[in-house]
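One structure below.
Protein chains in written order, with this note's numbering: chain D, 772 to 1315; chain Y, 70 to 394.
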């Protein structure tokens, strides 16, 4: 490999590194810190035993239910994620820990309530109506069929409301499950034509009667495709158990006698009205929907599935147990962060000293490699925090610290290989090149095993293990990248530079006995007669 | 290094007067690892025996993460208080078997209790508030349900099995099945010795320890793979005409990577050791110190075994088969 290409390798790597840090500096980014480093509440929830098979969809719905609740709590940057069967909740800087624990551990509550009237978004006195007009007129119109006549609600007497009707939906942050026996005013989730949630201030509020049917009355819910519709019409099928079927028939029979929004039966999860589909026009007054099953039409497959999940989450409550519940004070978090950084720095310095003692000048180059390794890993942690939301935890810092050993090992393998090659009689330049080829293969093999371990841990383990595995895997990749670019380039260039190669302080000639150097003289591959003279080593690029 | 005066007359190897260290650093170490494998075998068996015995007799000391319980870390106290004050506060909640430690010159405290949710609806957050009232500092709470440790461990065991299958496949493809067998046997050795040491010393086993043991697996394999890589390369030069036995070549390869193995271990253990020292002096950083301790032990054992255990097993497997592949 020519001098020019070696330089190109170094430049490529440095350009990448500088570009990354330039972006970090310009965008003023900092690492996303985990709860253990910045303080807050963190919990791991496990499904309670004895609930049979719990499918992933149901867990995902549980996650989004918890997320809704946490959003209402007004926590900045909450992190709620499912890891296998475990749900991890991270809430930085929560003031009321009791409340936080209460709302994240609670089972979702599903209620069916008749719509009494409608309040417009924003305030009681009308205003902007969300522009989601009903798009199909089936036997039952999904969600927003009821949202067209704002006047009704304003004319209702506001006195009966149990909850604060003067507030807009974005201000409402009470998390209580409404009393099933009371009339309440709740917010109806507003969605646009694509089925995406609208901002909360555009949501309408509905006045609702007491709960007539609850989640425990529902046996099952699933999305289905109407067989007669050529794959177009999706709907959600609701199936009630015996008592539920009766209650459902009663309430739908009563609603069928009414007109307008008051035909709507609101599906309430916790304290948000997910939809309020009206009873279909053909349902007879006082007769209701019999047979213990009903269908809610949907505009899209996604909408049908979402509703089915909402219903299931309430109908088949997943009882969650706290696997862990932790609060970390900001001081403790800061202390942990400092300790982690201190340990990393200390480790780096000691390893650097060791490398310099062992390899002199080449050790110094190895220290430079270590520093670049650190700068790359740290930069990537910041960038990944920004782009994919990677959160740095204490265990993650431990992963980085452990990987210092892996990075140092690559430098060591290269240098030991190099010495072997010189001992075997190669010149410094060819030894450097041959050593790279062999050391890189070893590096790839070893790092494959480490990377495999990190990936398996990341995918299969829970809790803090994942942060550890992530940084360990990341560091392994960075190590191989650095090794094949900067390390290769720097070592190659030094070996090609006569002055550096022969300077005793560089150590390119240390670790090799005079006897072996002599052997190199005699049996050197190209039949060189001496090995001590500097100029012979500078053949590489043909220029210097 | 001044070379000129000796260039003409290199001393013969047998009369090498350099110290062992000098020979090691100049690539002339010639310890007979493989030839003496019987000694190593006995030593290894003794160590394994002690480890297993310790595990059976003493058992492991599991942390509250496995048994369920709460730990409270108090920092920056503004009032004077004693361990008795805290014990009295805890007693008001019916907690009588807590372990209370006062640290940081009396401004910090670390308390662990068994699962308090069993104690008639006692709430860990209320306990934390009560401690804050006594001390005037900040209290961090960590409560672990009794099922958490099992959940973490069963996940870890699953991860371990998947990892082993992948690694055996990888080594078999990259090298050969005998190396895979030798590597996994070495791995088992490392884990047994590490766990045995935990039992012997009575160190606390937490989920972090489990993570660390998984990492040791990766590390131990990494080390073994580097050694095997070199052996493969060196023995690859053997031809059918060669009279040199596999064991001898393998032994030379081992000696060649000895400096690397030792250096790597030292550079790996240094950061872990600093993690251990810093973590041990930090309140509530159990994750750090638990990880570091198990890594520290495991890495040391891993280096030793990749030389003393892995290669003799490999040579034994190879020479049984009597073919150089």
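Note that beta-carbon positions come from the ideal geometry of N, C-alpha and C, so glycine has one too.
Taking C-beta pairs closer than 7 Å, name the residues in chain D that residue i reaches, listed in chain order.
i, result
"residue 332/Y", "1129, 1183"
"residue 329/Y", "1183, 1184, 1187"
"residue 325/Y", "1191"
"residue 343/Y", "1114, 1117, 1118, 1121"
Along chain Y, in chain order, which residues have C-beta atoms closer than 7 Å to that of residue i?
i, result
"residue 1175/D", "340"
"residue 1221/D", "287, 291"
"residue 1113/D", "347"
"residue 1122/D", "336, 339, 340"
"residue 1092/D", "214, 216"
"residue 869/D", "194"
Whole-angstrom Cβ separation of residue i and residue j, contact assumed at under 8 Å?
i, j, result
"residue 1152/D", "residue 1161/D", "7 Å"
"residue 975/D", "residue 989/D", "Their Cβ separation, rounded to whole angstroms, is 25 Å, which puts residue 975/D and residue 989/D out of contact at 8 Å."
"residue 1024/D", "residue 1057/D", "5 Å"
"residue 980/D", "residue 887/D", "5 Å"
"residue 296/Y", "residue 200/Y", "Contact flag wrong, Cβ pair sits at about 52 Å."
"residue 968/D", "residue 840/D", "Incorrect: roughly 15 Å between the Cβ atoms, too far for contact."
"residue 1256/D", "residue 1221/D", "About 19 Å; that fails the 8 Å criterion."
"residue 1094/D", "residue 857/D", "6 Å"
Out of curiosity, what's the CA-to-CA distance linking residue i and residue j?
i, j, result
"residue 1146/D", "residue 788/D", "8 Å"
"residue 220/Y", "residue 1229/D", "15 Å"
"residue 1199/D", "residue 1124/D", "25 Å"
"residue 1171/D", "residue 1069/D", "49 Å"
"residue 176/Y", "residue 800/D", "35 Å"
"residue 248/Y", "residue 1242/D", "29 Å"
"residue 383/Y", "residue 1100/D", "52 Å"
"residue 802/D", "residue 1074/D", "36 Å"
"residue 890/D", "residue 952/D", "21 Å"
"residue 883/D", "residue 987/D", "11 Å"
"residue 1316/D", "residue 292/Y", "Only positions 772 to 1315 of chain D appear in the structure, and residue 1316/D is not among them; the question remains open."
"residue 215/Y", "residue 1174/D", "33 Å"
"residue 85/Y", "residue 1187/D", "With a pLDDT of only 48 at residue 85/Y, under 50, the local geometry of the prediction cannot be trusted, and no value is derived from it."
"residue 905/D", "residue 828/D", "Confidence at residue 905/D is low in this model, with a pLDDT of 39, below 50, so its placement is unreliable and the value that follows should be read with caution. Looking at the two C-alpha atoms, the distance is approximately 28 Å."
"residue 1092/D", "residue 122/Y", "37 Å"
"residue 1178/D", "residue 1250/D", "6 Å"
"residue 1231/D", "residue 1061/D", "46 Å"
"residue 1010/D", "residue 1090/D", "21 Å"
"residue 379/Y", "residue 251/Y", "5 Å"
"residue 388/Y", "residue 381/Y", "10 Å"
Please name the residue or residues paired with residue i in a DSSP beta bridge.
i, result
"residue 1316/D", "Look at the range of chain D in this structure, 772 to 1315, and you will see that residue 1316/D is not part of it."
"residue 141/Y", "180/Y, 210/Y"
"residue 130/Y", "273/Y"
"residue 172/Y", "177/Y"
"residue 1005/D", "996/D, 1069/D"
"residue 1115/D", "Looking at the DSSP assignment, residue 1115/D forms no beta bridge with any residue, so it has no partner."
"residue 801/D", "Residue 801/D pairs with nothing; no bridge assigned."
"residue 814/D", "860/D, 1096/D"
"residue 954/D", "In the DSSP output, where bridge partners are listed per residue, residue 954/D has none listed."
"residue 959/D", "975/D, 1044/D"
"residue 1012/D", "Residue 1012/D is not bridged to any residue."
"residue 984/D", "883/D"
Run through chain Y and tell me which residues come within less than 8 Å of residue i, C-beta to C-beta.
i, result
"residue 815/D", "217"
"residue 1055/D", "Under the 8 Å cutoff, chain Y gives no residues; its nearest Cβ is about 51 Å from residue 1055/D."
In chain D, what lies closer than 8 Å to residue i by C-beta?
i, result
"residue 280/Y", "1166, 1228, 1232, 1235, 1236, 1239"
"residue 145/Y", "1102"
"residue 298/Y", "1212, 1213, 1216, 1217"
Residues of chain D with a CB under 9 Å from the CB of residue i: which are they?
i, result
"residue 274/Y", "Under the 9 Å cutoff, chain D gives no residues; its nearest Cβ is about 15 Å from residue 274/Y."
"residue 383/Y", "Within 9 Å Cβ-Cβ: nothing; residue 383/Y doesn't reach chain D, min ~16 Å."
"residue 294/Y", "1213, 1216, 1217, 1219, 1220"
"residue 243/Y", "1216, 1219"
Residues of chain Y with CB closer than 9 Å to the CB of residue i, please, in chain order.
i, result
"residue 1046/D", "The contacting residues do not exist; residue 1046/D stays about 35 Å from chain Y at best."
Can you find a C-beta in chain A that's less than 8 Å from the C-beta of residue i?
i, result
"residue 1140/D", "Although the question refers to chain A, the structure presented lacks it and instead comprises the protein chains D and Y."
(message) Give me the subset of the region 1096 to 1111 of chain D whose CB atoms are less than 9 Å from a CB atom of chain Y, sorted by chain position.
(response) Residues 1096, 1097, 1098, 1099, 1100, 1101, 1102, 1103, 1104, 1106, 1107, 1109, 1110, 1111.
(request) Note down, in chain order, all residues in the region 773 to 802 of chain D with a beta-carbon under 7 Å from any beta-carbon belonging to chain Y. (result) Of all residues in the region 773 to 802 of chain D, none has a C-beta nearer than 7 Å to a C-beta of chain Y.
(request) Would you list, in chain order, the members of the region 834 to 859 of chain D that have their beta-carbon closer than 8 Å to a beta-carbon of chain Y? (result) Listed by position along the chain: 855, 856, 857.
(message) Against chain Y, which members of the region 1157 to 1173 of chain D pass a CB distance test of less than 7 Å?
(response) Correct list: 1165, 1166, 1169, 1172, 1173.
(request) For the region 134 to 165 of chain Y, enumerate the residues whose C-beta is nearer than 7 Å to any C-beta of chain D, in chain order. (result) Listed in sequence order: 142, 144, 145.
(message) Please identify, using Cβ separations under 8 Å, the residues of the region 204 to 237 of chain Y that lie next to chain D, in order along the chain.
(response) Result list: 207, 208, 209, 210, 211, 212, 213, 214, 216, 217, 220, 221, 224, 225, 227, 228, 231, 232, 235, 236.
(request) With 9 Å as the limit, tell me which residues of the region 355 to 374 of chain Y have their beta carbon closer than that to any beta carbon of chain D; keep them in chain order. (result) Across the region 355 to 374 of chain Y, CB contacts with chain D closer than 9 Å involve 356, 357, 360, 361, 364, 368, in sequence order along the chain.
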